[in-house]
Structures are given as C-alpha cells and as structure tokens.
Amino acid sequence: MESIKKELPLARSMCWHCQSDIGGEYFCGQCVKVQPLSKDIDYFTCLGLPRKLNIDTVSLETKFYELSRAFHPDFYVGKSEMERAVSLANSAILNQAYRTLKDPIQRVEYLLRLEAGAAKDIPGKAPADLFDTILEIQEHLEEFHAAKSEGNAASAARAGDLLRNARKALEAKRAALESRLAELFQIWDRLVEKKTQAHAYPAEKEQTLKEMRDLLSQRTYVTNMLQNITEALE
Amino acid sequence: MARIVGIDLGTTNSLIAYMKGKTPTVIQGPEGRTLVPSIVAYTPTGILVGDAAKEQLVHNPEHTVYSVKRFMGKGLADVTQELQYFPFKLTEQNGVIRLQFGNKALTPPEISAMILKELKARAEAFFGEEIRKAVITVPAYFNDSQRQATKDAGKIAGLEVVRIVNEPTAASLAYGLQKRKQGTIAVYDLGGGTFDISILKLKDGIFEVLATNGNTHLGGDDFDRRLVDVMMLDLKAKHGLSVEGRPKLQQELRVRAEQAKCRLSAEAQATVHVPLPDSKGEYRRTFSRAELENLVNDLIEKTLAPCRQAIKDAGISATDVDEVVLVGGSTRIPLVQQRVQALFGKTPHCELNPDEVVALGAAVQADILSGGIQDMLLLDVTPLTLGIETMGGAMSSLIRRNTTIPTSAKEMFTTFVDGQTSVDIHILQGERELAKDNRSLARFQLKIPPLPAGVPRVEVTFMIDANGILNVTARDVRTGEAQSIEVKPSYGLSDQEIERMIRDSFVYAKQDIQERQQIEAMNEADLILRATEKALARAGNLATPEERAAIQEAVASLKSAMTSVDHRAIRAAIEKVDKASYSLAEKLMNSTLQEALKDKKLSDV
Chain A
32 MESIKKELPL ARSMCWHCQS DIGGEYFCGQ CVKVQPLSKD IDYFTCLGLP
82 RKLNIDTVSL ETKFYELSRA FHPDFYVGKS EMERAVSLAN SAILNQAYRT
132 LKDPIQRVEY LLRLEAGAAK DIPGKAPADL FDTILEIQEH LEEFHAAKSE
182 GNAASAARAG DLLRNARKAL EAKRAALESR LAELFQIWDR LVEKKTQAHA
232 YPAEKEQTLK EMRDLLSQRT YVTNMLQNIT EALE
Chain B
1286 MARIVGIDLG TTNSLIAYMK GKTPTVIQGP EGRTLVPSIV AYTPTGILVG
1336 DAAKEQLVHN PEHTVYSVKR FMGKGLADVT QELQYFPFKL TEQNGVIRLQ
1386 FGNKALTPPE ISAMILKELK ARAEAFFGEE IRKAVITVPA YFNDSQRQAT
1436 KDAGKIAGLE VVRIVNEPTA ASLAYGLQKR KQGTIAVYDL GGGTFDISIL
1486 KLKDGIFEVL ATNGNTHLGG DDFDRRLVDV MMLDLKAKHG LSVEGRPKLQ
1536 QELRVRAEQA KCRLSAEAQA TVHVPLPDSK GEYRRTFSRA ELENLVNDLI
1586 EKTLAPCRQA IKDAGISATD VDEVVLVGGS TRIPLVQQRV QALFGKTPHC
1636 ELNPDEVVAL GAAVQADILS GGIQDMLLLD VTPLTLGIET MGGAMSSLIR
1686 RNTTIPTSAK EMFTTFVDGQ TSVDIHILQG ERELAKDNRS LARFQLKIPP
1736 LPAGVPRVEV TFMIDANGIL NVTARDVRTG EAQSIEVKPS YGLSDQEIER
1786 MIRDSFVYAK QDIQERQQIE AMNEADLILR ATEKALARAG NLATPEERAA
1836 IQEAVASLKS AMTSVDHRAI RAAIEKVDKA SYSLAEKLMN STLQEALKDK
1886 KLSDV
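These protein sequences, in sequence, are chains A and B. Quick note: the first sequence uses the working numbering, first residue 32, plus one each step. Quick note: the second sequence uses the working numbering, first residue 1286, plus one each step.
This is the structure we're talking about:
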C-alpha cells in the first residue's frame, strides 16, 4: 500500500484544498481530501506495477479492490462537489486500468501503445504460412453460404465439414501464436528487470516489441477468421 | 446526513425499505402490507395509487394505469405490438409516450412519480419526518434513457435519487449481507415486465459484477397475455364475443389470468370465472399447470440465451457458479426453477422473499451511501455497449458492455470544411454493427470556433457514472477551454420539461386538495340543508317567527355560497345555518324526547 502511494502521479503537487505539499499520496496528509490522479497516468503505475507483462492476477485484483475502496463514488456521497468529481474521475481511470491489465492481450496491446506509440487497434494481418489455407477457407465459406441459400443440404454439409477442419487448423495457429507471445512476455520482463541495474537495452526492447506487434496482428486476423466460421456454422 | 431510503419501483409492485439497525426492513402500509401495487387510477373524486387503484382495474379500465415501467424511456413505436393489451390510451410527443389520464396526457415518469410519492408518504408517516433522498432500483438491462426516465420520476416526486442501482445487484447485496458468502453467484431476476441475469464475484465485502444481460420486455405480464390470448379465442368461438371496445372485459380477463397463473405455481389446476357483459352469464375456463407451461415455455426459454451470454462474458462456465439466487415473482413458477436448475446444474436459492429482496438490497445500498455500512462495496457494470455513429451508418464502440462503472472514453473531433462551427454526434447503445439497429440515446451538437478544416481539435469525454447514466463533456484541446454541447435526448424529457412537471405536480397537488375540500364542503352543505328543511317542515311551529326568518336567511345564503367554488365561503355559510337553527334543533330534540316518553312507563326509561 505504501509503495503505491509513493508512485501515484497526481495532477498537482499541491493539495487542491489546503495547498499543502503532497508527495504522491492520494489523500492529502494535512486535510485528508482525495487527490486527483494525473490525466497522463499510465495503467501500470495506477495499479502500482512495473511495466512487465506477466502479472499475478490475484494480487492485481487485491490492489484493484484496495484502490476501489479508496476512490469509489459510494464513499463520497455527502462530500463536496470537488471531492465527488475527483472520486468519479479517479474511479473511472482505475476501472479502465484494471480491465486493461487483467486481460493479457489487452495488456500487451496497451504496452505497445505506451512503449511504441502503436495505434489503439492493431490491424489484422494474414499469417504468411497460412496463405493457402486462408484462400481455401474463403472458398469454403462462399460454397457454404451459396449451398445454404440454394437449400442444397448435401453440399452445405460438405462445406461445413471442411470449415470445421479449417477451424481446427486456425485454432492450432492461434495457440502457436499465443505460446510464442508468452515467451516474448518472459523476454520483455527480463529486459525490464535488467534495466533497473544499468542499461536500458533499447535495441532488444524494440525488437521484442516489434515481434509482439506482428504476432498480435496475425492473431487478430486468425481470430476474425474463426469468428466468421463460427457465425456461418451457427 | 439526511436519511436515504431504498425503493424498488417494480412493474407490478413497488416497495420502500430502510435499514433498521443492521437489518434491511420493508416499511409496511397501514394494513400491514409491504407491497404497493404499481397502479394509478384517475377517478372523479381524485387520484388513487396502490391497492385502492387496483380495485379500479376492472371498473375503470380506461383510467387505471398499470405496468407503466414498460413505457419508461420509450417511444410509441417501441410498444406498438402490445398496445392491444392495454385498455388505456397512449400517444407520443417529442419521442416520449403520453398516457391519457383524466383530461391530462402524462408521461411515464409522471405516473411513476405518483407511485413514488405514495411510497414517500408511507415512509414519512412511518418516520414522522420528511424524506428527500432515495436509492431507486432499475432492471440491470435498462438502457440510458430508461435510467434517466427513472431518475426524472424521482425528481418529479420530490426525491433526490442518490443512486440508481441494478435490481439483481441490489438483491445480491441483501443476499450477501445475510449469508456472508464468498464466491461466484448468479442472480436470475424474472419480474412482472423485465428479465435480468447478473453474474457476481463476492470477495471480502466487494460485490464485483462480472457480467449482466437480460431483456427489458419479458416478464410475468407476457405470461398473463398467453392465457388471455387463449381466453380471447375461446370467447370468440363459444360466445361470439370480442374484447375490442370492451375494456372492462379485457381487463377482467387479464386480472383473472394473472390470478390463475399465480395459483398454478402451487396447484395442478386453476379455474377462471369471468362474468360476461350484457348478462350473458359467465365464462369459465380451467387451466392445468401443464397447459400453462406449454403456453409460456418459449418465453422461459428466451431467458436462457441471455444467461449463457452472461456466463460467457464473465469468462466462466456454468459450473463455476457457486450459488444461484432467484428474484422476482415470476421465479415462483416451477418450470422457471427447473430450467434455471438445469442450466446451472444446481438447485437455486429461493429462501429470500423474491418480492422483497430487491427493496432490501436498495436499503443496504442506501446505508452504504449514508456512510453506515463501510465494509461492503458494489462494483457494477454498464449492461450495453456505448458508441457513436460513424460515416456510413456504422456504430463505433467507445465503451464495451460489462465494463465496470464509473468509466469513461475520450474521442477527438475535428472539422471537414473551412469555418465549420459545429459537429453533430449521434450517441448509441447496443450490440449491433449498424447504427440503425441500435438504440439511439441522444444527438449532440458540438460548437466549434470557425477555423480552417482539420485545425480545431475538440476532445469529447463520455463518462458513465455509478448510476449507469451517461454524461458528456467537451474540451477544446488548443485552448483547454470547455466547449458547450447541446443535447437532444432521443427518448427523454428535456430539463425544462422536467422543471415544468415538478411545478405541475405541486399545482396539481394543490388543485387536488382544493377540489377535495370543495367536494367535502358541498357534501356537508347538502346534508345540513336537507336536515334543516326537514326540521322546519316537521317542527316549524316550535320556532319563533324571528328564528324562522333567521334560518331561512341563512339557508338562502348557504345556497348562494354553494354556487361558488370557494370552500371557505361554503363552510362559513354552513356555520351560519348551524347557529340560526340551533335553538330550533334544541326544541325539536326536547319535543322528540317528550313524544318518545309519552307512551312509556317510567320503569321503561
């Protein structure tokens, strides 16, 4: 708890209420008023975490609950308008931070935004090794829809079976992408740990971020494809 | 801090509760009943709410409004399919439904406000103090317009709505407080008009909603209609009778159907008796439980898809749910319990009173907000995805469904034409791809200083607060100044309209009181006039000529006072008649006494 308090970047270094100095605590040491989080606060810092990709979700939840108890508007109903506004804004930031970091994919996408200034949504890209498979799937999907609209049950069933097989191939690919991503999580975290010793390892970091971005982009493509197949078969 | 009460504003019944020490308790009415039927009736002698209004359902169907919650935050087009079932008249103005109520066309929030006022009065009588603040519950799946309409109803009733709480989450608070359980629970809430499913994680006093889903147009009312449909066909076939143009018959069928449905939860069969119009005798129909189940099976089935979606969104499987809690009167139906049990693979809990648990939870939340309970915290979610319409009519999502609230999203806007001074933003809620398939919440007009195209940069913040209600603010990024935005709600009341309704509700209340006083004074005047005339006719000879003249003068002035609408003048004239006829009345009394005694022996007296 203490360590979080020290690391929280606040909007101001002076209490908005009594003007005393505040050194990162989210309650003023003098008047105990809640302090607004900085608009530029990053989600890792908000939840008192280093920018690592492997997160213990149980302690993340504990921290989230702890901060919720500090900021939630339920505890500010009878307070001043300013305190209520701060509570609302802080809670909104906290909730977004928790939601983003809880999910590993959203977490790494967010890290890419922070570290490499990536766009909010990473566009999908077809995995090169699956190029032929993807073309086949497109064909099967068309066949399946055509057969369905013509009421041709036999060819719809055949195309359906082919799609189900293709789905397995895609799921295997996604699993492979995710397992490589997990390896990169480890590599990234080691680089972050080393950084605290002496060097920043910019080249290694950049390389890792680039590969993660590429994997995510392929994963998005595969996921969309799977979604299309599932929707067609339902 | 001022007292905050908890209110369950239900489709069929409403309740008001408070925290009695550490126990949430429902406030009872004068007859010991906790439920206030959510029914409002307009009668020539005044407005009735609750049980008294319920009695008007069959006799006064056109002016007795029920299930008004189904119309909250809606336009007429949203409810066309069910219009045939309602005997009262509905119209629309500025995207808001109006209900014909006496000679006024009132909005659903105004009708709901009458129910809230009744609850408020009940609590005020109980505490002997004015109640100004309340927590009000809504179905979890209510959209922004429906939540806003509920908040408006509170305002019109003279209540500050401190918090809008979702019904299933409120139920979980009452449940969690009582059981002190940890783990994952599912709350299945099937009420009179709405269905909700919420999946929550209970840990160390935190009630975290993982996912919620539902249908705000599915409930016990729909079950009743299935029975009504059968009876309508029957009546046509056997008696050649149609309910069209017969609102009393229509309402009678609905009321009987509801009663039969309730009986069938405990009994194997139930018989409906309906008196036919024009003394055509009686219509009788026996329903078996199996028949009811057959009729409503698909409706119950319709609740299961939202359950599965919520389980999926929560990132768990059905077997991960530790406990299933049933809420809402419709969960008394055995088939509902069976289906829920089959879905989750465990016996659902129904030991808490399904009618009261939501109000009790609202009282718990009210206590948390007043600083009473400090170790419990509810973290709820927004039930529907919020987005804006983009070029080409697609919806671009800003805040995904099941995001913990409060939450916010920012979006940057600029101009496409030199000197453009405004940008229109269309806000939507829903899960579909195209804007037109989602719910339109509001249109905003963003004011922008005239500059070359692409230069202005206005950041718009969409904030969903802890009530699940959207607030929009805009800021010019270059200057850092707040930008004004003009809001046009698609299905809601403007601030000015609400202000007018608050004023009207006072004026009407005043008018109502005056009308009642007038009626009472007139009744009393009638009574005294008849009595005086009778006395003069029977015993005029007992009065002196002066007395007689005085009486006649007083009677004449009372009659003239009665032509006015001033109840005070009538009262004053009544008093004059009273005084003038006092001695005559006395003499009359004595003589009557003597008459009575004349024929009797002393011993009989």
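Note that beta-carbon positions come from the ideal geometry of N, C-alpha and C, so glycine has one too.
With a threshold of 8 Å between beta carbons, Ala1751 of chain B makes contact with chain A. Ranked by Cα distance from Gln258 of chain A, the first of A:Pro67, A:Glu112, A:Arg198 and A:Asp134 is A:Arg198.
Under the DSSP assignment, Thr93 of chain A falls in the alpha helix (DSSP H) whose first and last residues are Thr88 to Phe102. Out of A:Gln169, A:Ala263, A:Ala178 and A:Leu161, the CA that lies nearest to the CA of Leu208 of chain A is found in A:Leu161.
Between the alpha carbons of Ile1470 of chain B and Lys1486 of chain B lies a distance of about 6 Å. Per the coordinates, the alpha-carbon of His171 of chain A lies some 29 Å from the alpha-carbon of Ala1590 of chain B. Scanning its chain for C-beta atoms nearer than 7 Å, with the 5 sequence neighbours on each side dropped, one finds around Leu1683 of chain B the residues Leu1671, Gly1672, Ile1673, Ala1694, Glu1696 and Phe1747, in chain order. Boundaries for Gln1341 of chain B: no beta strand (DSSP E) harbours it, while the alpha helix (DSSP H) harbouring it runs Gln1341 to His1344, taken from the DSSP string.
Not a single CB atom of chain B sits nearer than 8 Å to the CB of His176 of chain A. At a C-beta separation below 8 Å, Asp1489 of chain B has these neighbours in chain A: Tyr96. Counting along the chain, no beta strand (DSSP E) covers Arg1833 of chain B; the unbroken alpha helix (DSSP H) around it starts and ends at Pro1830 to Ala1846. Runs of the alpha helix (DSSP H) spanning 4 or more residues and lying entirely within the region 1504 to 1576 of chain B occur at 1505 to 1524 and 1532 to 1548, in chain order.
Listed as beta-bridge partners of Ile1289 of chain B by DSSP are B:Lys1418.
Glu1403 of chain B has no beta-bridge partner at all, per DSSP. The DSSP-derived three-state label of Tyr1370 of chain B is helix.
Between Glu1552 of chain B and the set B:Arg1617, B:Ser1655, B:Asn1638 and B:Gly1360, the nearest pair of CA atoms involves B:Arg1617. At a cut-off of 8 Å, the C-beta of Pro104 of chain A has a neighbouring C-beta in chain B. Judged by DSSP secondary structure, Gly1672 of chain B falls within the beta strand (DSSP E) whose first and last residues are Leu1671 to Glu1674.
For the options B:Val1353, B:Phe1698, B:Leu1726 and B:Ala1720, the alpha carbon positioned closest to that of Asn1428 of chain B is the one of B:Leu1726.
For a Cβ distance threshold of 7 Å, nothing in chain B lies close to Arg115 of chain A: the least Cβ distance comes to about 10 Å. By alpha-carbon distance to Pro1735 of chain B, the top candidate from B:Val1702, B:Lys1721 and B:Asn1752 is B:Val1702.
By DSSP's assignment, His1711 of chain B forms a beta bridge with B:Arg1728. Neighbours of Ser1693 of chain B in chain A, taken as residues at a C-beta separation under 7 Å, are given in chain order as Ala123. For Ile1332 of chain B, DSSP records a beta bridge to B:Tyr1327. Under the DSSP assignment, Asp1481 of chain B falls in the beta strand (DSSP E) whose first and last residues are Phe1480 to Lys1488.
Residues of the region 1746 to 1779 of chain B that bring their beta carbon within less than 7 Å of a beta carbon in chain A comprise Met1748, Asp1750 and Ala1751, in sequence order. Of all residues in the region 72 to 100 of chain A, the ones placed with a Cβ closer than 7 Å to any Cβ belonging to chain B are Tyr96, Ser99 and Arg100, in chain order.
Within the region 1430 to 1460 of chain B, contact with chain A at the beta-carbon level (separation under 7 Å) is assigned to Val1447.
Contact between the region 1587 to 1607 of chain B and the region 1440 to 1454 of chain B is absent: fewer than 3 CB-CB pairs across the two stretches fall below 8 Å.
Using a Cβ-Cβ cut-off of 7 Å, Ile1653 of chain B is close to Asp105 of chain A, given in chain order.
Each of A:Asp163, A:Asn255 and A:Glu237 was checked against the Cα of Gly148 of chain A, and the nearest Cα belongs to A:Glu237. For Phe1698 of chain B, the enclosing beta strand (DSSP E) starts and ends at Thr1692 to Phe1698. Chain B has no Cβ within less than 8 Å of the Cβ of Val139 of chain A.
Ser118 of chain A and Ala1806 of chain B have their C-alpha atoms spaced approximately 56 Å apart. Approximately 7 Å separates the beta-carbon atoms of Gly1314 of chain B and Val1321 of chain B; this is inside 8 Å, confirming the contact. At a beta-carbon threshold of 8 Å, the residues of chain A lying near Thr1689 of chain B are Asn126, Tyr129 and Arg130, ordered along the chain.
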